[in-house]
Each structure stands twice: as structure tokens, then as C-alpha cells.
Amino acid sequence: FDDRDGFIWWDGKLIPWREAKLHVLSHGLHYASAVFEGERSYGGNIFKLDAHTDRLIESGRILGFEIPFTREQINQACVDVLKANNLTDAYLRPLAWRGAEQLSVSAQQTKIHLMVACWEWPNLFGADRMKGVRLGLADWRRPHPQTAPTAAKAAGLYMIGTMSKHKAEAEGFNDALMYTWDGFVGEVTGANIFFVLDGKLHTPKPDCFLDGITRKTVIQLAKARGIEVVERHILPEELPNFGEAFVTGTAAEITPVRQIGELHFEPSTITETLKSDYEALVLMSPEEVEKRAA
Ligand code: PMP
């Protein structure tokens, strides 16, 4: 992925993709002192850019550092890197990390660096998406909020995500459903999950994992359609009761779920309605998106 044409925004400058290299003694690499975002641009507009930038800044603060760029500068970096790469429909990846100025658990002397890259990435699940994805069950659980900074989009939280996803892939699934530390249904390794029961949406309370921007958007879209949304603790034993299920995320967008372990699900009206409402919303201007969220 490092050997290709294009530009990456790094600490205020656009540099050629191949030259965006880091020192091996970077603190972020050794101790996961890094936070990131995943954003999508549709037709040249970055969907919910302010919300992503705010979450990036807040994730850094949760890890105890201040990103040395303002919200406006970070927004502009995202816009500039898209333009430099001549892309209108793309995935964007801002990342902030502690540098190589000091290497020990204590990292008071490190500088905070920021980069933004972007590339074409149609959907997390590719062609499998239309039929619905198949989820295996992870052995790892989402940690307790006093065990890890679960409200941050922090690099370190993805270690168990990658391990869980690899196990699910080895078993022939597309992704893994992770339970919470206390045994409730949590989320997928890079997306939140919703279920349909008697015309209502049920979704896990995000009390130890990311309350996704797509998740919040889908809740608004459902309410606008008069669909009741129940945020609650969901037990794994309840999964057979649900008819439809889908996952939400910037990379995953709204993707129906076909299978969880041995259980089968059939996407139907509610999944399809919300999916098409989401697809229409992301194509609107940022002003229109704001208006609808108000
Ligand atoms: N959970 C995890 C672990 C994720 O990585 C993501 C993707 N950022 C989400 C949920 C969904 O978040 P969002 O809708 O803000 O992309």
C-alpha cells in the first residue's frame, strides 16, 4: 500500500505518497499512542466532516494529547488531500500519533504528528455486501471502559479487532461480532450493529465501544421515518428472535447481515428503507445534511 502515486498531507504539507515514511522508533508504533478517523467523501463532499474532526480531537484528548492543529486546519487538510489526489469519492484516513522524539512509556517529550491520506475504497465488504455479510463470533470481547479508553477511536483498541477478524475470515466469515466484556452483543470489528424486531430497531447501548457517526445518523433517519429505536443491552440468546440485522459504519455504510454464526437473517423493508435513505443523505450538500440533523 506504500508504493503508489498520490499525495499524503503530513504536519501541514502535502508530500508524495511514497515519501510518507516514519521512523521505526515512533512512540505510536511501540505503545499505540495513536488515534485516527475514517471518513468518506461522496461527490466531493466529506460526509459529517465536522463530526469526524471533533471526534479525532476528542480521541487525542482522551489519550492525553492535544493535536497541534485547529478544527478548521484539520478540515482543510482533508479537503486539500482529496483535491491533491484528484478524488471526489474516497475514503479518508486522518491519524494523529506520538513521534520518535522519546521512547519510553513516559512520552512527555514527544511531538504530536498528524497525517491525512485518502484513497478509493468502494465499501468495506466489497461485492459480498449486496447479499449481506456473514459474521462469525469473536473470542475477544470489547473491554470495560476502565480497562481501555473505549470512547476514543484509538489504534490500540483495534488489536483485538484484527485478531477477531482474522479468526472469522479463517472460518469463512466476512467479519466478527464481538460481545462486550459483560457478555452482551457489542459491535462488529469496524462497524456498529442493528436488529429489527416487530417493526422496531434494537441496537446495543454503546457504553464500551464506539458510538459511530453512522450509527447516530441511522437513528435519526429511523426516527424521521417513525421507526422506533430501542438502545439497550442485548443478550446473545436473543439473536434468534430478530428477523433483520444490518451493520453501520463509514467504511461499511449500511450493509445487511445474512448470517451470525449458525443463525440466518433476511434483509427486508426496514433495512432497505434505511439503506436507501442513507445513500440519499450522503449525496446531499453539507448544509442540507446539517438541516436534516437539526
Ligand atoms: N466501531 C468500530 C470499532 C469502528 O472502527 C467503526 C468505524 N469507525 C465504527 C464502529 C463505526 O463508526 P462510524 O460510523 O463513525 O464510522
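Take the sequence shown: its letter number 164 is residue 169 in full-length UniProt numbering, and every next letter is one higher. Built from N, CA and C at the ideal position, the CB exists for glycine as well. These figures come from a predicted structure and were not determined experimentally.
(message) Closer than 8 Å is the cut-off here; do at least three beta carbon pairs connect the region 35-48 with the region 15-24?
(response) Result no; under three Cβ-Cβ pairs closer than 8 Å.
(request) Look up G141 in the DSSP assignment and give the residues it is bridged to. (result) Position 136 of the sequence shown holds residue 141. Looking at the DSSP assignment, G141 forms a beta bridge with A181.
(request) Would you identify the three-state DSSP class for S111, choosing helix, strand or coil? (result) Taking the sequence shown and counting its residues from 1, one reaches residue 111 at position 106. Per DSSP, reduced to three states, the secondary structure at S111 is coil, with no helix or strand assignment.
(message) Given a cut-off of 8 Å on the beta-carbon distance, is the pair P154 and L68 in contact?
(response) Residue mapping note: residue 154 aligns to position 149 of the sequence shown, counting from 1. Residue mapping note: residue 68 aligns to position 63 of the sequence shown, counting from 1. L68 is positioned such that its CB atom lies closer than 8 Å to that of P154.
(message) In the DSSP output, what is N50 paired with across the bridge?
(response) Indexing the sequence shown from 1 puts residue 50 at position 45. Note: N50 sits in a beta bridge opposite Y47.
(message) In the DSSP assignment, the alpha helix (DSSP H) including C83 goes from what residue to what residue?
(response) Numbered from 1 along the sequence shown, position 78 holds the residue referred to as residue 83. Start and end: 76-89.
(request) Assess, as a yes-or-no matter, whether the region 162-174 is touched by the region 139-147 under the definition of 3 or more beta carbon pairs within less than 8 Å. (result) Yes, they touch.
(request) Determine the direct distance from the alpha carbon of Q107 to that of Q113, and round the result to whole angstroms. (result) Against the sequence shown, residue 113 aligns to sequence position 108. Against the sequence shown, residue 107 aligns to sequence position 102. Taking the straight line joining both Cα atoms gives about 8 Å.
(message) Per DSSP, what are the beta-bridge partners of Y163 in this structure?
(response) Within the sequence shown, the letter at position 158 stands for residue 163. Answer is none; Y163 lacks a bridge partner.
(message) Quick check: what's the CA-CA separation for T255 versus S46?
(response) Here residue 255 is taken as the residue at index 250 of the sequence shown, counted from 1. Here residue 46 is taken as the residue at index 41 of the sequence shown, counted from 1. When rounded, the distance between both Cα atoms is 10 Å.
(request) Pick helix, strand or coil for W22, following the three-state DSSP scheme. (result) By one-based count along the sequence shown, residue 22 stands at place 17. Helix.
(request) Pull up the CB-CB distance for I239 and P209, whole angstroms please, since I reckon it's below 8 Å. (result) For the purposes of this step, residue 239 is identified with residue 234 of the sequence shown, where counting begins at 1. For the purposes of this step, residue 209 is identified with residue 204 of the sequence shown, where counting begins at 1. Their Cβ separation, rounded to whole angstroms, is 5 Å, which keeps I239 and P209 in contact under 8 Å.
(request) Provide the residue span of the alpha helix (DSSP H) that contains G33, from first to last. (result) Stepping through the sequence shown from its first residue, residue 33 is reached at position 28. Note, G33: alpha helix (DSSP H), 32-36.
(request) Check the DSSP bridge columns for W15 and list the partner residues they point to. (result) Locating residue 15 in the sequence shown gives position 10, where the first residue counts as 1. Note: W15 sits in a beta bridge opposite K18, M120.
(message) Out of V201, G137, F199, E192, which one is the CA nearest neighbour of L162?
(response) By one-based count along the sequence shown, residue 162 stands at place 157. Relative to L162, the option among V201, G137, F199, E192 whose CA is nearest is E192.
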